[in-house]
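One structure is given here, and the rest of the page talks about it.
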C-alpha cells in the first residue's frame, strides 16, 4: 500500500529539543514547509512509554498531531553502543539527566564502556525513527541507522547530544577521522541517521 502523502504547508515538529527542531527544520526547508515546534505551540511532552525508537516516535507524533490538529513529525533517536548491549538506546536523553547535560551523558557512556574492559574500536550506531502523524490517527514511520565508533575525548563544536563522541564509519574509511561534532551541519545532514530516515520519509510522503 502506498504511503499517505503530506499535502499541507505547516508541519508540527513534535519536540522540545532545540537541536532536533533546528536540524529537522533545515531538512524541511527545500520543501517549502513551515515547521513549528511543539514548544512554540505550548504542547506538553508526552511520556515516552515505548520500548523501541519506532514506538516512541509514533507516540510523540500522534500526541502532537491530535493536540495541534495539524500533521506532526516526531523523531526518536539515540546512540546504541554494542559493548553496552545497545545502551543508552531509547534512554539516550535520560542519561543526560534532568538538566540535559550531554557532557555528563558522554562521560557516563565512556565510564560504562571502560568498566566493561572493551578494547577499541568501540562500535556504536546512531538510530533515528521518524514518524509523520495526522490528526485522524494515520501514521507513517521510517528508520535510519548509521554505524560508527566512539572517540574519546569528545571533539567538535557542531551538532548536539552525543555527536562529539561519535565517529561514523564513513570518516574511518575516508581517513578524515572526524566526529559528528567536527562536521559542519551540511555534511552531517548528508550522512546522518536522521538524514537517512528523512530521505525515506520524503520519497514516500512528499512531492
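In the UniProt record's numbering, the protein residues as written are 1 to 207.
Think of the CB as a built atom: it goes at the ideal place given N, C-alpha and C, for glycine as much as any other residue.
Name the residue from the options whose alpha carbon lies nearest to the alpha carbon of residue i.
i: residue 79; options: 53, 57, 67, 59; result: 53
i: residue 55; options: 141, 152, 146; result: 141
i: residue 48; options: 28, 91, 84, 38; result: 91
i: residue 86; options: 59, 50, 110, 124; result: 124
i: residue 206; options: 173, 58, 189, 30; result: 30
i: residue 58; options: 89, 201, 132; result: 132
Our contact map puts residue i next to residue j with C-beta atoms below 8 Å; I'd like the distance itself, whole angstroms only.
i: residue 156; j: residue 164; result: 5 Å
i: residue 93; j: residue 14; result: With 8 Å as the limit, residue 93 and residue 14 do not qualify as a contact, their Cβ atoms being about 14 Å apart.
i: residue 158; j: residue 183; result: 6 Å
i: residue 198; j: residue 27; result: 5 Å
i: residue 105; j: residue 95; result: 4 Å
Go to residue i, then tell me how far its beta strand (DSSP E) extends in each direction, as first and last residue.
i: residue 22; result: Looking at the DSSP string, residue 22 is not in any beta strand (DSSP E); the run it does join, the alpha helix (DSSP H), is 18-28.
i: residue 76; result: 72-81
i: residue 185; result: Counting along the chain, residue 185 falls outside any beta strand (DSSP E), though it belongs to the alpha helix (DSSP H) covering 185-191.
i: residue 170; result: Unbroken run through residue 170 is the alpha helix (DSSP H), 169-174; no beta strand (DSSP E).
i: residue 65; result: No beta strand (DSSP E) holds residue 65; the alpha helix (DSSP H) holding it covers 53-68.
i: residue 49; result: Taken as a continuous stretch (DSSP letters only), residue 49 belongs to no beta strand (DSSP E), as it is neither H nor E.
i: residue 126; result: 123-133
Please report how far the alpha carbon of residue i lies from the alpha carbon of residue j, in whole angstroms.
i: residue 121; j: residue 171; result: 14 Å
i: residue 65; j: residue 166; result: 32 Å
i: residue 4; j: residue 138; result: 8 Å
So the alpha helix (DSSP H) residue i belongs to, where does it begin and stop?
i: residue 39; result: 38-41
i: residue 208; result: Because residue 208 is not part of the residues shown, which for the chain are 1 to 207, the question remains open.
Leaving out five residues before and five after residue i in sequence, what residues of the same chain have Cβ atoms less than 6 Å from its Cβ?
i: residue 37; result: 13, 21
i: residue 169; result: 147, 148
Return the chain-ordered list of same chain residues with a C-beta closer than 7 Å to the C-beta of residue i, the five sequence neighbours on each side being excluded.
i: residue 151; result: 165, 167, 179
i: residue 39; result: 16
i: residue 88; result: 78, 79, 95, 109
Against chain C, does residue i count as a neighbour if the rule is that its beta carbon must be under 8 Å from one of theirs?
i: residue 146; result: Among the protein chains of the structure shown there is no chain C, as only one such chain exists.
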